[in-house]
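In the numbering used here, the protein residues as written are 151 to 511.
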């Protein structure tokens, strides 16, 4: 990067829905945004597919997560789907916090570990919160998300969920999951993320559940989940094949369906209602203004080109480390921060303290 480029990194900026005219703050018009955010999702296969596909080939999905089903028995089935009752037993250490359940990947890959927690969650919810309803599924792109997605889909179908909306390649950022829940009027959603914890085969994975307003499940539910993990005896698993999560569209199994959705569109629509995109575009498309958005090989990168470049007119070389990787390129990004923060950083850089308040929290 040229020495004339300045660097700005602001955390937790409070933003306003009212905007004043942007003004240039640097003599050469250059601002560098170094973002620790990675709460975004997959959109552009040109950004995402090549390296991640390679990683997926190195870590095949088929046999890495044992679900003990050799002695399973068929139970009452919804139309067109066979549901197996898989015997299981409680596993210690599945206490759920406000940010869900977080453990090392190797722990989640243990026999029935993830399946027990997902079934315990369904055992904890009132039937009207999911029976024949719609749930959302996505995550931050870290290692194990694809395998976990298949387990969650089959257990959801086994418990009578009517439809799963899942982000392409199993990816949806934390705020994007909430946006999809609200936009599609879903009953809730699963978020596969361990927040800022590092990703990869030797590192961390996590799961949490959000309700129909997009907010995390309250303690009244998470306490029930934990209680049910201590007494669980069966997992209700639909006997359906793995779903192709690489292509947008709907797959039906009897009266259960899985829709692979574009993880960006609903979130982008929300952002356009929050921010004045035309005003921001007038800045980013100027020839005398430059900035860099560092996506840190996290899920933010998949949003960077379609939003900053395609929608707001920034140059393609404004995006750094824009290919999401399952191990975040051995980095330590935070998938709970949002694309909105990047916009706030720009506004704050141009307008100064009058625009919003920076915080060290």
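All C-beta atoms, glycine included, are put in the ideal place defined by N, C-alpha and C.
Enclosing alpha helix (DSSP H) for residue 431 [first to last residue]: DSSP places residue 431 inside the alpha helix (DSSP H), whose first and last residues are 427 to 434.
Chain-order list of residues whose beta-carbon lies under 8 Å from that of residue 310 (same chain, five-residue window excluded): 228, 277, 280, 281, 282
Which residues DSSP lists as bridging residue 338, in chain order: Note: residue 338 sits in a beta bridge opposite 285, 361.
Every unbroken beta strand (DSSP E) inside the segment 289 to 319 [3 residues or more]: Within the segment 289 to 319, the runs of beta strand (DSSP E) that reach at least 3 residues and sit entirely inside it are, in chain order, 313 to 317.
Nearest to residue 290 (by Cα), restricted to the options 304, 385, 357, 240: 357
Classification of residue 319 by the beta-carbon crowding that lies within 10 angstroms, buried from 16 upward: buried
Coil, strand or helix - residue 387 by DSSP: strand
Segment contact flag, the segment 361 to 372 with the segment 302 to 317, C-beta cutoff 8 Å, min 3 pairs: no
For residue 408, the residue or residues it bridges with in DSSP: 314, 401
Residue closest to residue 241, alpha-carbon to alpha-carbon, out of 257, 396, 426: Nearest option by C-alpha distance: 257.
Contact set for residue 427: own chain, Cβ-Cβ below 8 Å, skip 5 residues either direction: Within the same chain, residue 427 has close Cβ partners 421, 461, 462.
Close Cβ partners of residue 464 (< 6 Å) along its chain, the five nearest in sequence each way excluded: Take residue 464, set aside five residues on each side of it, and the residues of its chain with a beta-carbon closer than 6 Å to its own are 434, 458, in chain order.
Unbroken alpha helix (DSSP H) run spanning residue 331, endpoints: 324 to 333
Three-way DSSP call (helix, strand, coil) for residue 354 in this model: It is a strand residue.
For residue 234, the first and last residue of its enclosing beta strand (DSSP E): 233 to 237
Cβ-Cβ distance between residue 262 and residue 246 below 8 Å: no
For residue 254, the first and last residue of its enclosing beta strand (DSSP E): Residue 254 -> beta strand (DSSP E) spans 251 to 254.
Per DSSP, cross-strand counterpart(s) of residue 247: Bridge partners of residue 247: 250.
Buried versus exposed, by CB contacts within 10 Å (16 or more), residue 335: By the neighbour-count criterion, in which a residue is buried when 16 or more other Cβ atoms sit within 10 angstroms of its Cβ, residue 335 is exposed.
Contact under 8 Å by Cβ, residue 478 with residue 349: yes
Local conformation of residue 456 per DSSP, three classes: helix
Cα-Cα separation between residue 185 and residue 234, rounded to whole angstroms: Interpretation of residue 185 is limited by its pLDDT of 36, a score under 50 that renders its predicted location unreliable; the figure taken from the coordinates is listed afterwards. In this structure, the straight-line span from the alpha carbon of residue 185 to that of residue 234 is close to 45 Å.
Closest by C-alpha distance to residue 284, when choosing among 274, 476, 306: Considering only alpha carbons, the answer is 306.
Member of 359, 408, 388 whose CA lies at the smallest distance from the CA of residue 250: The alpha carbon of residue 250 has as its nearest neighbour, out of 359, 408, 388, the alpha carbon of 359.
Reference residue 355; option with closest CA among 230, 295, 418, 429: 295
Collapsed DSSP secondary structure at residue 372 in the structure displayed: helix
Inter-residue spacing [alpha-carbon to alpha-carbon] between residue 390 and residue 236: 14 Å
Given residue 271 as reference, the closest of 254, 331, 347, 361 once Cα atoms are compared: When the alpha-carbon of residue 271 is set against those of 254, 331, 347, 361, the nearest one is in 361.
Own chain, CB closer than 7 Å to residue 337, minus 5 neighbours either side, in chain order: 279, 280, 283, 284, 285, 362
Check whether residue 260 and residue 388 have beta carbons under 8 Å apart: Annotated as distal: residue 260 and residue 388, with beta-carbon spacing of 8 Å or more.
Distance, residue 450 Cα to residue 377 Cα: Approximately 35 Å, taken between the alpha carbons.
Three-state secondary structure assigned by DSSP to residue 348: In the structure shown, residue 348 sits in coil (DSSP, three-state: anything other than H, G, I, E or B).
Inter-residue Cα distance where the pair is residue 232 and residue 473: 39 Å
Simplified DSSP assignment, three categories, for residue 112: Only positions 151 to 511 of the chain appear in the structure, and residue 112 is not among them; the question remains open.
Closest Cα partner of residue 353 within the set 253, 268, 452: 253
N- and C-terminal bounds of the alpha helix (DSSP H) containing residue 416: 415 to 424
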